[in-house]
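Heads up: the sequence shown at position 76 corresponds to 92 in our numbering, and the numbers run straight through without jumps.
Using N, Cα and C, we set each Cβ at its ideal position, and we do this for glycine too.
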Amino acid sequence: MFRRYRVLAGAVVATALLTATAVRAEARPSVYWTDQFGSSSFDVGTAIAVAPNGDTVVYGAVAGAVVDGFTAGGPNDLILAKYNRSGDRKWIVEFGSPAMEHSTRTIGLASNGDIIVAGTVVGDSFTGFTLVGSSDVFVARFNRNGRQLWLKQYAASDTQLASAVAVSPSGDIYLAMHSDSAFPDGTSGLTTVFGGFDAVVTKLDRKGNVKWSRSVGTSGDDAGLGVTVSRRNEVYLVGSTAGELPGTGRSGGDDDGFIVKFDKSGTQLWQDQSGDVGFDSLTAVTTNARGEVYAAGSTEALHGGNVVGFKDLQGARDGIVVKFDRLGAVLWANQHGTPGIDDDLSIAVAKNGQVYVGGQTDGAWTGFSNRGGIDGYVAHLTPAGDTVTARQFGTSGDDSNSQFGLGLAMYGNSRVLVTSSVDSTSLWGHESAGDLDIYVAALPTP
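1. Sort Lys168, Ala425, Gly410 and Lys367 by Cα distance to Leu443 and report the nearest one.
2. From which residue to which residue does the beta strand (DSSP E) around Val183 run?
3. Measure the beta-carbon distance from Gln287 to Thr264 and round it to whole angstroms, keeping in mind my assumption that it falls under 8 Å.
4. Rounded to whole angstroms, what's the CA-CA distance from Glu316 to Ser141? Just pull it up for me.
5. Excluding the five sequence neighbours on either side, which residues of its own chain have a C-beta within less than 7 Å of the C-beta of Val245, listed in chain order?
6. Thr398: which of Gly335, Pro462 and Ala458 sits nearest, CA to CA?
7. Consult DSSP for Gln370 and reduce its assignment to one of helix, strand or coil.
8. Below 8 Å on the Cβ atoms is my contact criterion, and I expect Ser179 with Thr207 to pass it. Report the Cβ-Cβ distance as a whole number of Å.
9. Can you say whether Arg247 is buried or exposed, counting buried as having 16 or more other CB atoms within 10 angstroms of its CB?
10. Should Asn92 go down as buried or exposed, given a rule of 16 or more other Cβ atoms within 10 Å for buried?
11. Once you ignore the five residues that flank Ala380 on each side, which residues in its own chain have a CB closer than 6 Å to its CB?
12. Taking the beta carbon of Val78 as the centre, do at least 16 other beta carbons fall within 10 Å, making it buried, or is it exposed?
13. Three Cβ pairs or more, each shorter than 8 Å: is that satisfied between the stretch 153 to 161 and the stretch 128 to 137?
14. With distances taken from CA atoms, which of Pro460, Ala425 and Gly450 is nearest Val73?
15. Threshold first: 3 residues or longer. Then list the beta strand (DSSP E) segments lying entirely within the stretch 400 to 424, N to C.
16. Per DSSP, Thr257 is paired with what?
17. For Ala400, count the other beta carbons within 10 Å of its own beta carbon; 16 or more makes it buried, fewer makes it exposed. Which is it?
18. With Val217 and Gly233 assumed to form a contact (beta carbons below 8 Å), what rounded beta-carbon distance in angstroms separates them?
19. Rounded C-beta distance between Gly236 and Gly259? I'm assuming under 8 Å.
20. Can you round the beta-carbon distance between Gly80 and Val60 to whole angstroms, since I take them to be within the 8 Å contact cut?
21. How is the beta strand (DSSP E) around Gln351 delimited, first residue to last?
22. Return the Cβ separation of Ala300 and Asp238 in integer angstroms, given the expectation that the two are a contact with Cβ distance under 8 Å.
23. So who's on the other strand from Arg101, going by DSSP bridges?
24. Measuring straight from C-alpha to C-alpha, what distance separates Arg342 and Gln289?
25. Do you know how far the Cα of Ser281 is from the Cα of Asp451?
26. Are there 16 or more other CB atoms within 10 angstroms of the CB of Lys98, so buried, or fewer, so exposed?
27. Using only alpha-carbon positions, find the residue among Ser430, Ser204, His194 and Ala126 that is nearest to Arg222.
28. Quick check on Arg306: buried or exposed, where buried means 16 or more other Cβ atoms within 10 Å of its Cβ?
29. Might you give, ordered along the chain, the residues of its own chain that have their beta carbon closer than 8 Å to the beta carbon of Ser430, omitting 5 neighbours on each side?
30. What are the boundary residues of the beta strand (DSSP E) that includes Ala458?
31. Find out if the Cβ-Cβ distance for the pair Gly331, Ile357 is shorter than 8 Å.
32. If you reduce the DSSP assignment to three classes, tell me which class Arg230 lands in.
33. Mind reading off the beta-carbon distance from Ile108 to Ile123? Whole number of angstroms is fine, and I expect it under 8 Å.
34. Going by Cα to Cα distance, which pick from Thr435, Val309 and Val254 is closest to Leu298?
35. Tell me where the beta strand (DSSP E) around Leu361 begins and ends.
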């Protein structure tokens, strides 16, 4: 069931600006519009994108029928919805296999308005395909009106898990995943297997045919968690590694974050690894018009690891953003958070250079109290990476999950759009449809 709710932007209450690792926060977020929907069971919004005209596309997974007349294909199906700039829903599509599917944390919008989504199918396959491993990955293309143009399933001999997808200006599609077996490389060959799970980035043409695949890894478990492509068709893969990537000379702890740059032909240009004792990862990545790169994630490093700009931990885990130039040099790094556990899960850069990250916390940003369990947040960094502002929102339950993410996208310089899940109780005045609902919100930028 769908219920859209719109309120006028309200008054903002703020504290004074603090340091780069502190926060200026609003006591209660104002919104342009919001929506909450789902089945009677567990549903999650994982990815969001905004078209140049302000149309918003939301992607996620649902555990039951949401669209009238749709028969659920398996334990989990996938859902894709489109809204106009005012928050009116234009259409919604639900699709799936007889098995369980998981949606990625990002989606892509092609220059003609087509929508590219991806995910993982577990235990069975889509019509016309055969499951090769315990789980395969898939990519699907829809036109701007929600009609599916094609869906393709890709497999190796065992387990693949898709994390993110991106579309280049020329229309090529890039998929980030992790695989514990060799993956087709677009020729007659397969990717290198380093050990355990490896991070993989795959390039597809606009019809979904594999052009090349590249693996990144160590003898431990490594994960490809985010991917983006610049206006120059430069490809960036981020993730986590349990070992030391060749040539980095770094292995900080249980897991480190990494970023690798490829050219459009799949040649690796540079890589960087950072971390300290504890678990660190980079989960999201984006670029600006100049080709500079921003990677977001989380750290448990007690004293900032090996990245200049990181500080002592503010809680059990902090959010991080690192900005690189095109050659891989660190331009700045920002570490931020609450006294609790914080994860940056998505990132976007506005046209004016302001940086926004979406994440989750079980703590409370300055000026807020945690409403219960896990709350979502949007944090704001200046172009210089110095000052952080934030707004936190949630209910008495768990309103985000690092496994599924909190999707974030920018519309111009004026608004930030987010999607995730809300646990049972209402958020921004909505009624609950089931155990866990999908929410969408258009918020004024801080």
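Well, looking at it:
1. Gly410
2. Gln176 to Val183
3. 6 Å
4. 38 Å
5. Ala182, Ser184, Tyr190 and Val251
6. Pro462
7. coil
8. 16 Å between Cβ atoms; not a contact.
9. exposed
10. buried
11. Thr354 and Asn386
12. buried
13. yes
14. Ala425
15. 404 to 409
16. Asp238 and Asp272
17. exposed
18. In fact, because the Cβ distance is near 12 Å, the residues do not count as touching under 8 Å.
19. 4 Å
20. With 8 Å as the limit, Gly80 and Val60 do not qualify as a contact, their Cβ atoms being about 13 Å apart.
21. Val346 to His352
22. No, Ala300 and Asp238 are not in contact; Cβ-Cβ is about 17 Å, not under 8 Å.
23. BP columns for Arg101 are empty, so no partner.
24. 16 Å
25. 45 Å
26. buried
27. Ala126
28. exposed
29. Pro460 and Thr461
30. Leu452 to Pro460
31. yes
32. strand
33. Contact flag wrong, Cβ pair sits at about 15 Å.
34. Val254
35. Asp358 to Val365
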